[in-house]
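**Q** This is the structure I want to talk about, given as structure tokens.
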Amino acid sequence: MKTVVLKLDIHDNYKCKKTAMKIVSTIPGVDSISMEIKEQKLTLTGKMDPVQVKKT
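Quick note on numbering: full-length UniProt numbering labels position 21 of the sequence shown as 21, and the sequence is numbered without any gaps.
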């Protein structure tokens with residue numbers, strides 16, 4: 001299992017949150033997705049390739 005934490009520039013905008021979740025949910029190997037709006041972080045856990053996550 002790997003954990004990848006991404007810093008996002010998302011504010012309390014539903015459309016931005018939905019778009020970010022939709023994009024990362026297509027990455028193969030992602031088991032769980034957690035978004036913390038106040039800290040502007042997106043945490044992915046699973047057997048994904050961190051390089052591919054960064055490219056996405």
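All C-beta atoms in this analysis are idealised placements derived from N, C-alpha and C, irrespective of residue type, glycine included.
Compare the beta carbon distance of Lys-56 and Val-5 with 8 Å and say whether it is the shorter of the two.
**A** The residue you call residue 56 lines up with position 56 of the sequence shown. The residue you call residue 5 lines up with position 5 of the sequence shown. One detail in the question is off: residue 56 reads as Thr in this sequence, not Lys. No; because the gap between Cβ atoms is not below 8 Å, this pair is not in contact.
**Q** Of the choices Val-51, Met-21 and Gln-52, whose alpha-carbon is the least far from that of Met-35?
**A** The residue you call residue 35 lines up with position 35 of the sequence shown. Measuring from the Cα of Met-35, the nearest candidate turns out to be Met-21.
**Q** Which partner residues does Thr-19 have in the DSSP bridge list?
**A** Taking the sequence shown and counting its residues from 1, the one referred to as residue 19 is at position 19. Answer by DSSP bridge pairing: none, since Thr-19 is not bridged.
**Q** Pull up the distance between the alpha-carbon of Lys-38 and that of His-11, whole angstroms please.
**A** As a first step, residue 38 must be located in the sequence shown, where it is residue number 38. As a first step, residue 11 must be located in the sequence shown, where it is residue number 11. Going from the Cα of Lys-38 to the Cα of His-11 covers about 8 Å.
**Q** Nearest by alpha-carbon distance to Lys-17: which of Gln-52, Val-53, Gln-40 and Asp-49 is it?
**A** On the sequence shown, position 17 is the one that residue 17 refers to. Among Gln-52, Val-53, Gln-40 and Asp-49, the Cα nearest to that of Lys-17 belongs to Gln-40.
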